[in-house]
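K.L.:
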Amino acid sequence: SFFRDKYIIMENNKVNLDTPSVKELMKVLYGGKRFGNHVDEVWPNLFIGDMSVANDRYSLWKLGITHVVNAAHGRMHCQGSHDFYGSSVDYYGVPADDSPSFDLSGYFFPSAEYIQTALDTAGARVFVHCAVGVSRSASLVLAYLMIHHHYSLLEAIQKVKERRWIFPNTGFLKQLRALDVKLRETL
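Be aware that the sequence shown starts at -3, since it is given in the working numbering, and climbs by one per residue.
Right under this line is the structure:
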């Protein structure tokens, strides 16, 4: 049929409409540079970083950060809070474990809404972090790009990897794949 032929042509041109498997996504993630800075701007006014920056109010001030999303809220060494940042920085905590068995998907939409609402504020700069800044925080930023900017998971990964090395754990990749499938169904 026409659609089958069109799909085969697209597939031969390396455009696949299906969400890549976790194994395929891991190959993409392994590619490119494999080192990270403590913080990188991965989208206009949206930063991913680690706990060393999160725990350094002066660094955040120099970056002009107005909002912090802590994807390791309440975890050891990532104990940011409204009290720690004071009134100059708005704080949002996600109590996630960096474990493939942890269900991060329930935080995809609330975190994406928080990030978008923050970025809609004039002069806002959002810092999303976890302990190392490659798995939990990266997963939340990928979900944000998928939900609010209609990127596929693969496109979101490629966009963020232009600026930062990321590596969500396999459980988070599975959850992001499920989000990708769900969002494509609503198009």
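For each residue, glycine too, the CB sits at the ideal point set by N, CA and C.
Which residue comes first and which comes last in the beta strand (DSSP E) that contains L42?
P.N.:
Here the beta strand (DSSP E) through L42 covers L42 to G45.
K.L.:
Taking the continuous beta strand (DSSP E) assigned at W39, which residues delimit it?
P.N.:
Run containing W39: V35 to W39, per the beta strand (DSSP E) assignment.
K.L.:
Could you check whether S107 and A139 sit closer than 8 Å to each other, using their CB atoms as the reference points?
P.N.:
Yes, they are a contact pair.
K.L.:
With burial defined as no fewer than 16 other Cβ atoms inside 10 Å of the residue's Cβ, what is the status of G119: buried or exposed?
P.N.:
Counting Cβ neighbours within 10 Å, G119 comes out exposed, since fewer than 16 surround it.
K.L.:
Pull up the DSSP beta-bridge partners for N66, would you.
P.N.:
DSSP, once it has assigned bridges, lists G89 and H125 as partnering N66.
K.L.:
Label H144 either buried or exposed according to how many other C-beta atoms from any shown protein chain fall within 10 Å of its C-beta, with 16 as the threshold for buried.
P.N.:
Counting Cβ neighbours within 10 Å, H144 comes out exposed, since fewer than 16 surround it.
K.L.:
On a CA-only basis, which of R160, G89 and L149 is nearest Y110? Give me that one, please.
P.N.:
The shortest Cα separation from Y110 among R160, G89 and L149 belongs to G89.
K.L.:
Taking the Cβ atom as the reference point for each residue, do F123 and L56 lie within a distance shorter than 8 Å?
P.N.:
Yes, the Cβ-Cβ distance between F123 and L56 is below 8 Å.
K.L.:
Name the two residues that bound the continuous alpha helix (DSSP H) containing E151.
P.N.:
First-last of the alpha helix (DSSP H) with E151: L149 to K157.
K.L.:
Do you know whose CA, among G167, V177, S48 and L172, lies nearest S97's CA?
P.N.:
Among G167, V177, S48 and L172, the Cα nearest to that of S97 is on G167.
K.L.:
Considering Cα atoms alone, identify which of V65, L25 and Y54 is closest to I44.
P.N.:
For the residues V65, L25 and Y54, the minimum Cα distance to I44 belongs to V65.
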